[in-house]
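Single-structure report; data block below.
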Amino acid sequence: MGEKKLLRGSHIIAEAAVRAGCRFYFGYPITPQNELTEYMSGALASVPGGVFIQSESELAAINMVIGVSMTGKRVMTSSSSPGISLKQEGISYLAGQELPAVIVNTMRGGPGLGNIAPSQGDYFQATRGGGHGDYRTIVLAPGSGQELADFTRLAFDYADKYRIPVMILGDGMMGQMMEPVEFPDPIDLDSLPHKSWVLDGAKGRESRIIKSLILDTAAMEEHNWKLYRKHEIIEREITHVETFMIEDAYMAIVAYGTASRIAKGAVKKVREMGLKVGLIMPKTLWPFPKKFFLEAGSFITDFLVFEMSTGQMVEDVELALRGRRRVHFYGRPGGVVPTPEEIAKAVTTIYYREQIDRRD
Amino acid sequence: MKKVFGRPKSMKAAEFHYCPGCGHSIIHRLIAEVIDELGIQEKIIGVPPAGCAVLAYNYFDVDMGEAPHGRGAAVATGIKRSLPDRIVFSYQGDGDIAAIGTAETIHAANRGELITTIFVNNGVYGMTGGQMAPTTLVGQDSTTTPGGRRLERDGFPIDLSEMLAIAHGSVYIERTSVHSPKHIIHTKKAIKKAFKTQIEGLGFSLVEILSPCPTNWKMSPIKANEFINSTIIKNFPLKVIKDEVGKL
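Which chain is which? The protein sequence lines are U and F, in order.
Using the numbering used here, you'd call the opening residue of the first sequence number 70 and step up by one each time.
Using the numbering used here, you'd call the opening residue of the second sequence number 1405 and step up by one each time.
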């Protein structure tokens, strides 16, 4: 059976990672996610085979991740926005070399050094690959302590299953909030599926190469299509979205992570006023739940995308709905965390302006 | 008939893409011979760089994992920490190790990572067509130092191996050359010692090898080797820079 613990978000991810069989962590200090690195330093010192290195840079950390991943072991790194930018070189190599890894981005205000307050400004970077080249990473967007734990386990499983880097996208608020969490039992490392592609010394077999350099254009094209086909399978198999009170809704807020928690409060408030408003919470940002939006668009006429940015996920919602429904946007960038009241106000303004419940 | 000379077991039967007179082919062979002699072909993992030697994985018949430009020491660190009983080496050029990858290299050495680095110093960015490297000599021509490297504009060539010797975690660092048979034979000894340093778990080991690049130096192979002998070794003296192997 699992184990119930009261932990802050950063610690939840770290504890869940160790329980998921992660024995290797490399990281470089950056606020607001140092608690994760600190937790891993202690946790990995107390499990057999645990390796923790405080690296000299984010670049070094992600490249140590590459090295461990080549040997087939579960490995994680974490950072916050500016540090994730530095890791993007390595993430591109992970994608090109089809290496599994888990990367946590605790987003903060930006661009540049920005601030250390909760933000969702890295959505584009996370969902469009982030580094150079034609690839995607799986992006999971937990919205509660329990989801931090559950999605961390999933992140390692997805990374291994699809041989792809997986990003857990949170923010400083998710990292700091204390919540009770039911942790699953630690996995038995020996129970993990065998990896036939690892580097461990060519003993009794042909030597192997793990690389992303493919000079022949026809072969490079095929490699890109191969990744594309893999992306299609992932899209089919893991796309995940959750909803709140949308069954009779004319209008839905669309939000992920911290924003979805705030939005939930807003939905409760406007429901008290009799407004038929629900909430759609994408849990995988890539793959984005496009199909779901088409279906939801059959009865919801207005979508209000709420992000702690100037508007990034809103483009995916628009793409998913293909112009069939009205898409509105409300954003607070720069580390500002609005209250449910503020979002409720934005909802009611649009609701009455558009006469939403009087339309067919 | 008795076979007296052949391809090392740790080399694939592949044709080198390297230019005539390039030092990489010689150095590859020396490493493969050492791998054979130490009997570690089945437990060694190599990390090739970005640069001319990126295709090293086509030649070594051992497990190889490609690193992004300059990150060889960090990738090798990850592999070695995961598999402490394997032998791990990075193969890096001067631009890779002494410019873009300086930080990774210094910190791997300072942590005393149990890896071996083969640092091929030919004073030029070869694959990209002959631009100035961190080790290009003052006055030496390159495509980005027309008229020669100028101190006031380009600064000094960097003595990376000497810098690495200061790091407490480095144990064995030697600078050798492959411009003559005598030096080639000695380079092989240094590579062997570096691998043994790792096998014995003593600390970080590195061999810097001065290597000719006739194509980008715009010299004949013979002239290139003469240039190493007459000029480069005056700036990058051949010597054991650090050896604590006996002391540990």
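Note that the Cβ used here is the ideal one computed from N, Cα and C, for glycine as well.
Values in this document were obtained by computation on a predicted structure and should not be read as measured data.
Legend entry - Residues that U:Val116 contacts on chain F, provided the C-beta gap is smaller than 9 angstroms: As a position in the first sequence, residue 116 of chain U is number 47, starting the count at 1. Correct list: empty, because the minimum Cβ distance to chain F is about 14 angstroms.
Inset, instruction - Spatial neighbours of F:Met1567 within its chain, please: CB distance less than 8 angstroms, with the 5 preceding and 5 following residues excluded, ordered by chain position. - result: Counting from 1 along the second sequence, the entry for residue 1567 of chain F is found at position 163. Correct list, in chain order: Ile1510.
Legend entry - Beta-carbon spacing of U:Gln194, U:Ser378 below 8 angstroms: By one-based count along the first sequence, residue 194 of chain U stands at place 125. By one-based count along the first sequence, residue 378 of chain U stands at place 309. In this structure, U:Ser378 does not lie closer than 8 angstroms to U:Gln194 by Cβ.
Inset, instruction - Kindly list, in the order they appear in chain U, the residues whose Cβ is closer than 9 angstroms to that of F:His1511. - result: Translated into positions along the second sequence, residue 1511 of chain F becomes position 107. In chain order: Ser124, Glu125, Ser126, Ala129.
Legend entry - With 16 other Cβ atoms within 10 Å as the buried cut-off, status of U:Thr408: As a first step, residue 408 of chain U must be located in the first sequence, where it is residue number 339. Exposed: under 16 other Cβ atoms inside 10 Å.
Inset, instruction - Sort U:Ala89, U:Thr175, U:Glu104, U:Ser213 by Cα distance to U:Gly404 and report the nearest one. - result: Here residue 404 of chain U refers to the residue found at position 335 of the first sequence. Closest option to U:Gly404, Cα to Cα, is U:Thr175.
Inset, instruction - Using a Cβ cut-off of 8 angstroms (strictly closer), state whether U:Phe93 contacts chain F. - result: Counting from 1 along the first sequence, the entry for residue 93 of chain U is found at position 24. Yes, U:Phe93 lies at the interface with chain F (some Cβ there is under 8 angstroms from its Cβ).
Legend entry - Assigned secondary structure, U:Gly136 (DSSP; H/G/I helix, E/B strand, else coil): The sequence position of residue 136 of chain U within the first sequence is 67, counting from 1. DSSP places U:Gly136 in helix when its eight states are reduced to three.
Inset, instruction - Using the Cα positions of U:Gly199 and U:Lys338, report the straight-line distance between them to the nearest angstrom. - result: As a position in the first sequence, residue 199 of chain U is number 130, starting the count at 1. As a position in the first sequence, residue 338 of chain U is number 269, starting the count at 1. Cα to Cα, the separation comes out at about 37 angstroms.
Inset, instruction - Specify the secondary structure class of U:Asp240 as computed by DSSP and reduced to three states. - result: Indexing the first sequence from 1 puts residue 240 of chain U at position 171. Of the three classes helix, strand and coil, the one that applies to U:Asp240 here is strand, per DSSP.
Inset, instruction - Could you spell out the range, first to last residue, of the beta strand (DSSP E) harbouring U:Gly119? - result: Along the first sequence, read from residue 1 onward, the residue named residue 119 of chain U stands at position 50. Unbroken run through U:Gly119: none, as it is neither H nor E.
Legend entry - Endpoints, the alpha helix (DSSP H) within which F:Arg1490 is located: Within the second sequence, numbered from 1, the residue matching residue 1490 of chain F stands at position 86. Unbroken run through F:Arg1490: none, as it is neither H nor E.
Legend entry - Bounding residues of the alpha helix (DSSP H) (the contiguous stretch that carries F:Phe1523): Numbered from its first residue, the second sequence carries residue 1523 of chain F at position 119. It is not in any alpha helix (DSSP H) - F:Phe1523 instead sits in the beta strand (DSSP E) that spans 1520 to 1525.
Inset, instruction - Flag U:Gly199 as yes if its beta-carbon sits less than 8 angstroms from any beta-carbon of chain F, otherwise no. - result: For the purposes of this step, residue 199 of chain U is taken as residue 130 along the first sequence, with counting starting at 1. It does not: the Cβ of U:Gly199 has no partner Cβ on chain F nearer than 8 angstroms.
Legend entry - Meets three-Cβ-pair contact criterion under 8 angstroms: the region 1505 to 1520 of chain F and the region 1578 to 1587 of chain F: no
Inset, instruction - Taking C-beta pairs closer than 8 angstroms, name the residues in chain F that U:Leu268 reaches, listed in chain order. - result: For the purposes of this step, residue 268 of chain U is identified with residue 199 of the first sequence, where counting begins at 1. Simply Ile1449, Asp1467, Met1468, Gly1469, Ile1483.
Inset, instruction - Could you tell me whether the region 358 to 368 of chain U touches the region 297 to 311 of chain U, using the rule of 3 or more Cβ pairs below 8 angstroms? - result: yes
Inset, instruction - Counting only runs of 4+ residues fully inside the region 1410 to 1469 of chain F, write out the alpha helix (DSSP H) ranges in chain order. - result: 1427 to 1442
Inset, instruction - Return the first residue and the last residue of the beta strand (DSSP E) that U:Trp266 is part of. - result: By 1-based counting over the first sequence, the position of residue 266 of chain U is 197. From DSSP, U:Trp266 is part of no beta strand (DSSP E); its letter is neither H nor E.
Legend entry - CB-CB length for F:Ile1522 against F:Phe1493, believed under 8 angstroms: In the second sequence, counting from the first residue as 1, residue 1522 of chain F sits at position 118. In the second sequence, counting from the first residue as 1, residue 1493 of chain F sits at position 89. Correct: roughly 6 angstroms between the Cβ atoms.
Inset, instruction - Assess, as a yes-or-no matter, whether the region 365 to 374 of chain U is touched by the region 387 to 399 of chain U under the definition of 3 or more beta carbon pairs within less than 8 angstroms. - result: yes
Legend entry - Neighbour list for F:Gln1445 in chain U, Cβ cutoff strictly below 8 angstroms: Locating residue 1445 of chain F in the second sequence gives position 41, counting from the first residue. Neighbours of F:Gln1445 on chain U, chain order: Ala271.
Legend entry - F:Leu1652 (DSSP reduced to helix, strand or coil): If you number the second sequence from 1, residue 1652 of chain F lands on position 248. Coil, per DSSP.
Legend entry - Backbone secondary structure at U:Asn174 - three-state DSSP: Stepping through the first sequence from its first residue, residue 174 of chain U is reached at position 105. It is a strand residue.
Legend entry - U:Ala224 beta carbon less than 8 angstroms from that of U:Val137: Taking the first sequence and counting its residues from 1, one reaches residue 137 of chain U at position 68. Taking the first sequence and counting its residues from 1, one reaches residue 224 of chain U at position 155. It is not a contact, given that the beta carbons lie outside the stated cut-off.
Inset, instruction - Output the boundary residues of the beta strand (DSSP E) element that contains U:Ala321. - result: Taking the first residue of the first sequence as position 1, residue 321 of chain U is located at position 252. Residues 320 to 323.
Inset, instruction - Please confirm if F:Val1438 has its CB atom under 8 angstroms from at least one CB of chain U. - result: Within the second sequence, residue 1438 of chain F is the residue found at index 34, counting from 1. Output row for F:Val1438: interface = no.
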